[in-house]
Amino acid sequence: MDEKTLIHQISALVDDEHKLRTQLQTGKITEEQERGRLSDIEAQLDQLWDLLRRRRAAKLQGVSPDEVQAHTLDEVEHYLQ
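First residue of the sequence shown: 1, per the numbering used here; consecutive thereafter.
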C-alpha cells in the first residue's frame with residue numbers, strides 16, 4: 001500500500017468518526033453504538049498511522065517502503081508508550 005492510499009484511508013476513517021459523532025448528536029445512533037464503532041475506527045487508525053510512520057522511517061533509512069508490512073491490530077494496540 002503506497003503513502004497516498006494510506007493517507008486516503010486515514011482521511012476516510014476520520015470522516016467516519018465525524019459522521020458517527022453527528023449521528024449520535026442527532027439521535028440516529030446510541031452512545032453504545034457510537035462507542036463500539038469508534039473503538040474499531042480508532043484501532044484501524046492506529047494501525048494505519050503506525051504503518052505510515054514505519055514506511056516513512058524506512059524510506060529515510062534508504063530501505064524500500066514497500067518492504068514494510070502492517071503490524072496486526074493486536075501488535076499496534078499493545079505497543080509500550
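Quick reminder that beta carbons are idealized off the backbone N, C-alpha and C, glycines included.
Here the structure is a predicted model, which is why all the values come from computation and not from measurement.
Own chain, CB closer than 6 Å to residue i, minus 5 neighbours either side, in chain order
i	result
Leu-86	Since the first residue of the chain shown is 1 and the last is 81, residue 86 is not available in this structure.
Val-68	Arg-54, Arg-55, Ala-58
Leu-52	Leu-6
Ile-29	Gln-23
Asp-16	Ile-41
Residues of its chain near residue i, where Cβ-Cβ distance is below 7 Å and the 5 sequence neighbours each way are ignored
i	result
Ala-43	Leu-73, Glu-77
Residue range of the unbroken alpha helix (DSSP H) whose run includes residue i
i	result
Lys-4	3-25
Glu-67	Per DSSP, Glu-67 belongs to no alpha helix (DSSP H) and is neither H nor E.
Lys-59	31-60
Cβ-Cβ separation, residue j to residue i (assumed contact under 8 Å), whole Å
i	j	result
Leu-38	Gln-9	At roughly 17 Å, the Cβ-Cβ gap does not stay under 8 Å, so Leu-38 and Gln-9 are not in contact.
Leu-20	Glu-34	5 Å
Contact check, residue i vs residue j, beta carbons under 9 Å
i	j	result
Ala-70	Asp-40	no
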